[in-house]
Amino acid sequence: MGVKKVFSTRAAESQEYQDWFAEEIRKEKEAFEVRMNYAKVLVSLWSYASMSDGKLKPQEGNLVGEMTNVLFDDGCVLSDYRNEKAEIIEILSSVFDSPLTIKSIASYTSGNNEMAANFYEDACCIIAAEKDVNQDEIQFLNDLAKELKLSDLDKKTREKKYNIKI
Numbered sequence: 388m389g390v391k392k393v394f395s396t397r398a399a400e401s402q403e404y405q406d407w408f409a410e411e412i413r414k415e416k417e418a419f420e421v422r423m424n425y426a427k428v429l430v431s432l433w434s435y436a437s438m439s440d441g442k443l444k445p446q447e448g449n450l451v452g453e454m455t456n457v458l459f460d461d462g463c464v465l466s467d468y469r470n471e472k473a474e475i476i477e478i479l480s481s482v483f484d485s486p487l488t489i490k491s492i493a494s495y496t497s498g499n500n501e502m503a504a505n506f507y508e509d510a511c512c513i514i515a516a517e518k519d520v521n522q523d524e525i526q527f528l529n530d531l532a533k534e535l536k537l538s539d540l541d542k543k544t545r546e547k548k549y550n551i552k553i
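One gets our numbering by counting positions in the sequence shown from 1 and adding 387 to each.
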């Protein structure tokens, strides 16, 4: 085999590998973006729930912090990105301060009743952290349930679980 043919074959193999590697990087980047978008939706929801009465109370803030850390636990949405946790937490903190719209959150659950119910449960959990649920928080939960198109049964089941009387 001549030098030119050997070089040509290696160059072709190298190009094949580079194409494969580029595709793997693209898939990984896409997977990260999908997971981050989900985390941003959750943090936005948690922001609205914790601020539904106009103020972030210590119990709510602590709970949201714990919930955010759970995103990095084994099998959770950001478990593959523990090495970047500090940077990701910084991004999610800015999302908490400037959350996505409720409509965006609700559209994320479109056609997925289980996810909608889980989102509603997260909101109930945060609001119930302080024990004393006020009218603004009740109004938020009612509005959220409508946006999520939650069934009355799912709504009442989650409220009952957290002793929220609406």
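The beta-carbon is built from N, C-alpha and C at its ideal position, and this holds for glycine as well.
It should be emphasised that the depicted structure is a prediction, and the values quoted were computed from it without experimental measurement.
- At the C-beta level, alanine 510 and leucine 528 come within 8 Å of one another.
- Within 10 angstroms of the beta-carbon of isoleucine 492 lie 16 or more other beta-carbons, which makes it buried.
- Per DSSP, reduced to three states, the secondary structure at cysteine 463 is coil, with no helix or strand assignment.
- Its chain contains Leu465, Tyr468 as the residues whose beta carbon lies nearer than 7 Å to that of isoleucine 475, once the 5 sequence neighbours on both sides are disregarded; these appear in chain order.
- Membership of threonine 496 in any alpha helix (DSSP H) is not indicated, and neither H nor E is assigned to it by DSSP.
- One Cα belongs to valine 457, the other to glutamate 410, and the distance between them is close to 30 Å.
- Excluding five sequence positions before and after arginine 545, the CB atoms of its chain that fall closer than 6 Å to its own CB belong to Tyr507, Glu508, Cys511, given in chain order.
- The DSSP-derived three-state label of aspartate 440 is coil.
- Counting the other Cβ atoms within 10 Å of the Cβ of leucine 443 gives fewer than 16, which makes it exposed.
- The continuous alpha helix (DSSP H) containing valine 482 extends over residues 472-484.
- Only residues of its own chain outside the window of five on either side were considered, and among them Lys444, Gln446, Glu447 have a CB closer than 7 Å to the CB of glutamate 517, listed in chain order.
- The beta-carbon distance between tyrosine 435 and isoleucine 489, rounded to whole angstroms, is 6 Å. This is short enough to meet the 8 Å contact definition.
- Between asparagine 521 and aspartate 440 a beta carbon distance of about 5 Å is seen, short of the 8 Å cut, so the two are scored as contacting.
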